[in-house]
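Everything in the sequence shown is counted per this note's numbering, starting at 34 for the first residue and increasing by one.
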Amino acid sequence: MSSVSPRSVDTLDVSLGERSYPIHIGAGLLTSRDHLLPHLAGRQVMIVTNEVVAPHYLATLRATLASADLDVREVILPDGEATKTLASVERIWDALLAAGFNRRCTLIALGGGVVGDMTGYAAASYQRGVGFIQIPTTLLAQVDSSVGGKTGVNHPRGKNMIGAFWQPRAVLVDTDTLVTLPARELSAGLAEVIKYGLIRDREFLVWLEREMSALRELAPDAVRHAIRRSCEIKAEIVAEDETEQGVRALLNLGHTFGHAIEAHQGYGNWLHGEAVGAGMMMAAVLSARRGWLDADALARVGGILEAAALPVRAPANMTPDDFLVRMRLDKKNLDARLRLILLTALGEACIRDDTPPDQLECLLAEFPRLA
Ligand code: NAD
Ligand code: GLY
34 MSSVSPRSVD
44 TLDVSLGERS
54 YPIHIGAGLL
64 TSRDHLLPHL
74 AGRQVMIVTN
84 EVVAPHYLAT
94 LRATLASADL
104 DVREVILPDG
114 EATKTLASVE
124 RIWDALLAAG
134 FNRRCTLIAL
144 GGGVVGDMTG
154 YAAASYQRGV
164 GFIQIPTTLL
174 AQVDSSVGGK
184 TGVNHPRGKN
194 MIGAFWQPRA
204 VLVDTDTLVT
214 LPARELSAGL
224 AEVIKYGLIR
234 DREFLVWLER
244 EMSALRELAP
254 DAVRHAIRRS
264 CEIKAEIVAE
274 DETEQGVRAL
284 LNLGHTFGHA
294 IEAHQGYGNW
304 LHGEAVGAGM
314 MMAAVLSARR
324 GWLDADALAR
334 VGGILEAAAL
344 PVRAPANMTP
354 DDFLVRMRLD
364 KKNLDARLRL
374 ILLTALGEAC
384 IRDDTPPDQL
394 ECLLAEFPRL
404 A
């Protein structure tokens, strides 16, 4: 059962020596045995998905894996960012142990970033590490969270505070899965796509400005190009700096502000991508105040975020202190200095730990709030 022609699949490589892996991008990949089976470590397979994604895609994936040689089980978790907890990971460990799965089992994450991050962490820790495959079904997961091996869960005090670097064996991006994705979730994914243009590729940013309506309408060529270019940039950065000792931190543009918004508002109330959208606007305004972005560039950042239907204002109920308390917990900070990703131009970013505290406090006080 391989209905996908190899010519209709783009394949990129995440180059990490013996831990290198392919990212396959194409329509209908969920039905392709040829792109999936070679990445299984042994005959034991645990699909991890959730209650929203399972009715759409679990049966198709099970059919693709149907074979007398494979022992395929499943865990269906509740939906939502609020379930990205150690308790959910424990449910995956329990299912693996109940099935008697050994170190040659493979976990398959079928879902968005929440399922992907938790499945990856379960794989990283089960019997000290087993293989896993990412089948991301949100745009955000297809362009960002499924690639690069950051896995983990939230803690009530902070986003993604518990986790591990653990690379998947392969990433299969079936672009057809986006047809069932709610528009708000598509916009959240576009935040991360815009991020790549802002930090690394001005030409891509210009392309995004032109093609944003096509992307929101899921025009196949535009969607495929956006996913491919995003994954290329992410793969390049991860290959250069797998464990975020330097350049990988640029992928966190807007995230320090965004994580504070997500945690303060209660996980799931603001989507991750929405919080990152507002956070990127905050980073852009701060970059302008530092003299690096002119008014035109700042307006273009606001314009593209709004074109993607993302918020460019912060929540009404957050004080500067609400931001600062959360931002001080950010994993990028070293020696009590707040490290922020700022823009030096459209398409160029830097990591800075020298933002004057009064400048940051002014920004947090003055940045527009939602009505
Ligand atoms: P999500 O996983 O919660 O998915 C969003 C919603 O869409 C959920 O309700 C989900 O069930 C539903 N859904 C998924 N696929 C669907 C489909 N095809 N059709 C219909 N509904 C579908 O959220 P997300 O935006 O995919 O991911 C956000 C998470 O990713 C956050 O926890 C964030 O911290 C994490 N993240 C991780 C990394 C990383 O490098 N590991 C990078 C970025 C974000
Ligand atoms: N999304 C940030 C990273 O993968 O590093």
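Note that beta-carbon positions come from the ideal geometry of N, C-alpha and C, so glycine has one too.
{"Asked": "Proximity below 8 Å, CB of A349 to CB of M315", "Found": "no"}
{"Asked": "Length of the line joining the Cα atoms of V309 and K228", "Found": "9 Å"}
{"Asked": "Per DSSP, the bridge partner or partners of G54", "Found": "The sequence shown places Tyr at residue 54, not Gly. The partner list for Y54 (beta bridge, DSSP) reads V47."}
{"Asked": "Any non-hydrogen atom of the ligand NAD within 7 Å of T152 CB", "Found": "no"}
{"Asked": "Any non-hydrogen atom of the ligand NAD closer than 7 Å to G287 Cβ", "Found": "no"}
{"Asked": "Distance cut-off 7 Å: T171 Cβ against heavy atoms of the ligand NAD", "Found": "yes"}
{"Asked": "Pair within 8 Å by beta-carbon distance, P55 and A156", "Found": "no"}
{"Asked": "Entirely enclosed alpha helix (DSSP H) segments - the segment 298-375, minimum 4 residues", "Found": "305-322, 328-340 and 353-360"}
{"Asked": "Residues bridged to M79 (per DSSP)", "Found": "R106 and L140"}
{"Asked": "Nearest-angstrom Cα separation, counted from G59 out to A398", "Found": "45 Å"}
{"Asked": "CB contact flag (T408, A197, <8 Å)", "Found": "Because the chain in this structure spans residues 34 to 404, residue 408 falls outside the shown range and cannot be described."}
{"Asked": "Candidates N187, V42, V85 and A340, of which the one nearest Y300 by Cα", "Found": "N187"}
{"Asked": "Element boundaries [beta strand (DSSP E), containing H188]", "Found": "K183 to H188"}
{"Asked": "Simplified DSSP state of G153, which is helix, strand or coil", "Found": "helix"}
{"Asked": "is_contact[E84, chain D] using C-beta, thresh 8 Å", "Found": "In summary, chain D is missing from the structure at hand, where a single protein chain is found."}
{"Asked": "For G164: DSSP bridge partner residues", "Found": "T139"}
{"Asked": "Rounded separation between V212 and A259 - CA only", "Found": "16 Å"}
{"Asked": "Inter-residue Cα distance where the pair is G133 and A216", "Found": "40 Å"}
{"Asked": "Expected contact under 8 Å - CB spacing of I80 and L143 to nearest Å", "Found": "6 Å"}
{"Asked": "Check whether W325 and L396 have beta carbons under 8 Å apart", "Found": "no"}
{"Asked": "Unbroken alpha helix (DSSP H) run spanning G222, endpoints", "Found": "A216 to R233"}
{"Asked": "For A224, the nearest candidate out of V163, G164 and L286 (CA to CA)", "Found": "L286"}
{"Asked": "Near the ligand NAD: V85 beta-carbon under 7 Å from a heavy atom", "Found": "yes"}
{"Asked": "E394 Cβ short of 7 Å to the ligand GLY heavy atom set", "Found": "no"}
{"Asked": "Three CB pairs or more closer than 8 Å across the segment 65-78 and the segment 126-140", "Found": "yes"}
{"Asked": "At least 3 beta-carbon pairs within less than 8 Å: the segment 37-53 vs the segment 267-283", "Found": "yes"}
{"Asked": "Any non-hydrogen atom of the ligand GLY closer than 7 Å to R322 Cβ", "Found": "no"}
{"Asked": "Residues that L205 bridges to, as DSSP identifies them", "Found": "H57"}
{"Asked": "Pairwise C-alpha distance: S100 and T289", "Found": "45 Å"}
{"Asked": "Whole-Å CB distance - S178 paired with G230, under 8 Å assumed", "Found": "Not really, about 18 Å apart at Cβ, beyond 8 Å."}
{"Asked": "Cβ neighbours of N366 in the same chain (closer than 6 Å, five flanking residues each side left out)", "Found": "R372"}
{"Asked": "Check whether P353 and L403 have beta carbons under 8 Å apart", "Found": "no"}
{"Asked": "Reduced DSSP secondary structure (H/G/I, E/B, other) of A197", "Found": "strand"}
{"Asked": "DSSP beta-bridge partners of E381", "Found": "A378"}
{"Asked": "G181: CB within 7 Å of a non-hydrogen atom of the ligand GLY", "Found": "yes"}
{"Asked": "Selection from A340, A332, G279 and A330 that minimises the alpha carbon distance to D386", "Found": "G279"}
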